[in-house]
Amino acid sequence: MEPTPKEIDRRSFLKLGAAASALAIGCSSSGEMQAEGDGDIEMRYRPLGNTGLRVSEITFGSAGFDNPALLLAALDAGINTISTGDNIGYGRADELIGDVISRMGSRRDQLVLCAGDVIRPGTTKRQILDSIDGQLRRLRTDRVEVFRTGGVTSPDELLVDSLFDAFEAARQAGKVLHLALAGHSGGMQSCLNTAIDDGRFGAFFTKYDFVSYPDQDQILQRAAERGIGTVVFKVNAGNRQREIRDLEAGGLSFRQATVKWALTHPYVASVCVGITNFDQIREYTAAVGSRPSEAETAMLQRYAQEMYDKYCRFCGTCEGKCPRQVAIADIMRYAMYFKYYGREKRSMELYDALPRRSKASTCDRCPGACDTGCPFGRRVRDELVEAHQLLSFAEA
């Protein structure tokens with residue numbers, strides 16, 4: 001992975017954004033229109049690769065979801081794609097989604113329901129099938145359109161025979177239609193490339209923003225050429241609220257601008273966002289069908305420049321320098337959830353679930369070899385010490 005240049009050329013950024021927008025406009029004929037929602041807002045739909053599914057440009061992410069009325073409002077706004085999963089914090093969300101689905105009747109056929117689990121070498125076919133059945137029970141449905149394997153950090157964790165055996169059994173039983181890969185931490189690019197070459201994956205769910213991974217565009221373009229559809233998430237590049245508030249002083253919406261930016265890329269089928277209030281439904285759905293203005297693009301550029309050495313890309317490069325094999329990328333992500341997403345309980349649960357050897361409990365006594373491994377010059381050790389204090393209630 002090549003690091004992002006520290007001095008980001010604004011003209012190049014604008015040029016790339018304009019080129020991507022032109023491509024998206026050229027492909028807009030493939031997106032259907034639906035006149036639903038408030039005012040003149042119209043949801044658009046894109047094909048999810050060669051799966052035969054058409055997904056709304058906004059996907060409803062269920063992390064932190066606790067209000068069925070929000071999902072009903074999102075469906076009324078034309079959102080037809082829902083993302084959930086069988087890991088920490090999603091069980092209750094599944095049940096609430098299931099309550100809504102159970103009342104939809106024939107409208108259920110319009111949904112693209114995406115579920116999944118974290119699968120590792122050693123996970124058995126029976127365990128995976130039990131996970132799928134458990135999600136179907138909670139969701140109160142007989143099938144999910146997409147099943148993801150998530151949290152993958154290396155090709156060895158991806159190409160697990162039991163995963164493909166379980167998927168094929170579930171597919172033949174009509175419980176799962178398509179297999180997907182999800183990832184946002186170290187090794188993501190190699191996993192995506194491996195999945196493209198493998199040929200058994202129909203979709204990707206991947207972290208994607210305007211700050212990280214300059215080679216990711218080429219990977220996703222190659223995936224599109226192979227018929228793999230992509231849903232992206234974490235498009236807001238860290239969600240640093242103080243910096244965002246300063247940039248929004250002119251009346252702009254940072255969240256809306258990041259969604260617009262992502263949707264200018266024709267190989268992006270949908271943007272998955274967490275929705276916690278009704279205003280966000282209007283804000284996100286209003287982003288479809290338009291590209292970032294010059295002012296919005298300048299706002300994103302300023303944020304990217306300010307975040308250069310503050311934002312962890314979860315690339316995992318520094319992990320190779322750690323003598324204890326601490327799960328640096330995962331810990332940084334959990335700390336981000338804690339500090340900037342308002343998901344303190346979930347982030348602490350995720351950290352608690354890490355193997356003891358992977359936690360940052362002894363980083364305060366380490367000289368910090370990880371600092372030398374960060375291509376962006378971040379003070380990794382100090383942030384790990386802070387993260388451990390936040391996520392475990394350890395005393396400073």
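Numbering (this note's numbering), first residue to last: 1 to 396. All C-beta atoms in this analysis are idealised placements derived from N, C-alpha and C, irrespective of residue type, glycine included.
Output the distance between the C-alpha atoms of residue i and residue j, rounded to the nearest integer angstrom.
| i | j | result |
| --- | --- | --- |
| LYS260 | ALA298 | 13 Å |
| THR285 | ASP279 | 10 Å |
| ALA118 | GLY316 | Here residue 118 turns out to be Val, not Ala, going by the sequence shown. Between VAL118 and GLY316, the C-alpha separation is close to 18 Å. |
| ASP412 | TYR341 | No answer is possible for residue 412: it lies beyond the span of the chain, which begins at 1 and ends at 396. |
| PRO266 | SER347 | 33 Å |
| THR206 | HIS184 | 6 Å |
| PHE338 | ALA63 | 13 Å |
| ASP309 | ALA169 | 46 Å |
| GLY229 | ALA115 | 16 Å |
| ALA237 | ALA304 | 8 Å |
| GLU386 | GLN325 | 18 Å |
| ASP142 | CYS191 | 30 Å |
| SER154 | ASP109 | 35 Å |
| THR84 | GLY61 | 7 Å |
| SER131 | LEU350 | 18 Å |
| LEU70 | ASN277 | 7 Å |
| GLY174 | ALA224 | 26 Å |
| ARG378 | THR362 | 19 Å |
| LEU48 | ARG54 | 6 Å |
| LEU158 | GLN189 | 12 Å |
| GLY227 | SER392 | 43 Å |
| PRO367 | SER358 | 17 Å |
| ASP133 | ALA77 | 30 Å |
| VAL273 | VAL231 | 10 Å |
| LEU390 | ARG333 | 12 Å |
| LEU75 | ILE196 | 32 Å |
| GLY251 | GLU296 | 10 Å |
| ALA262 | ASP217 | 11 Å |
| ARG356 | PRO323 | 15 Å |
| PHE201 | ARG365 | 43 Å |
| SER293 | THR59 | 23 Å |
| HIS388 | ASP371 | 17 Å |
| SER212 | VAL100 | 36 Å |
| ILE281 | ASP94 | 20 Å |
In terms of residues, what are the limits of the alpha helix (DSSP H) holding residue i?
| i | result |
| --- | --- |
| ILE79 | Looking at the DSSP string, ILE79 is not in any alpha helix (DSSP H), and its letter there is neither H nor E. |
| HIS388 | 380 to 392 |
| VAL100 | 91 to 101 |
| SER131 | 125 to 139 |
| GLU157 | 155 to 158 |
Kindly indicate which three-state DSSP category residue i falls into: helix, strand or coil?
| i | result |
| --- | --- |
| PHE233 | strand |
| MET188 | helix |
| SER212 | coil |
| GLY174 | coil |
| SER29 | Here the model assigns SER29 a pLDDT of 35, short of 50, so the residue's position is not dependable and the matter cannot be decided. |
| LEU53 | coil |
| LEU179 | strand |
| PRO121 | coil |
| ARG356 | helix |
| ILE228 | coil |
| PHE65 | coil |
| ASP198 | helix |
| GLY85 | coil |
| CYS374 | coil |
| GLY250 | helix |
In the DSSP assignment, find the unbroken beta strand (DSSP E) run with residue i in it and report its ends.
| i | result |
| --- | --- |
| ASP117 | 112 to 118 |
| LYS207 | 203 to 207 |
| ARG148 | 144 to 150 |
| PHE60 | 58 to 61 |
| ARG44 | 43 to 47 |
Kindly indicate which residue of the options has the alpha-carbon position closest to the one of residue i.
| i | options | result |
| --- | --- | --- |
| ALA73 | VAL326, GLY368 and ILE275 | ILE275 |
| GLY373 | ARG343, LYS359 and ILE328 | ILE328 |
| ALA360 | PHE376, GLU383, ARG343 and LYS345 | GLU383 |
| ARG313 | GLY251, LEU96 and MET336 | MET336 |
| ASN414 | PHE204, LEU136, SER162 and TYR208 | Outside the shown range of the chain, which is 1 to 396, sits residue 414, and nothing can be said about it. |
| PHE376 | ASP215, CYS363 and MET307 | MET307 |
| LEU177 | HIS388, ALA93 and PHE147 | PHE147 |
| ARG291 | GLN256, VAL211 and GLU283 | GLN256 |
| LEU129 | VAL152, GLY150, SER162 and SER270 | SER162 |
| TYR208 | VAL235, PRO68 and ALA93 | VAL235 |
| VAL112 | TYR311, ARG222, ASP215 and GLU57 | GLU57 |
| PHE254 | ARG302, ARG222 and SER212 | ARG302 |
| GLY122 | VAL160, LEU181, ILE101 and THR194 | VAL160 |
| VAL380 | GLU42, TYR311, LEU136 and GLU344 | TYR311 |
| ASN80 | GLY150, GLY91 and VAL144 | VAL144 |
| PHE210 | THR264, ARG222, PHE167 and ASP165 | THR264 |
| MET43 | ARG120, LYS125, ARG138 and ALA269 | ALA269 |
- Inside the stretch 260 to 296 only - alpha helix (DSSP H) runs reaching at least 4 residues: Taken in chain order, the complete alpha helix (DSSP H) segments of 4 or more residues contained in the stretch 260 to 296 are 278 to 285.
- Message: Report the start-end ranges of each alpha helix (DSSP H) in the stretch 289 to 354 that is 4 residues or longer and not cut off at the edges.
- Response: DSSP assignment within the stretch 289 to 354 yields the following whole alpha helix (DSSP H) runs of 4 residues or more, N-terminal first: 294 to 306, 328 to 340 and 344 to 353.
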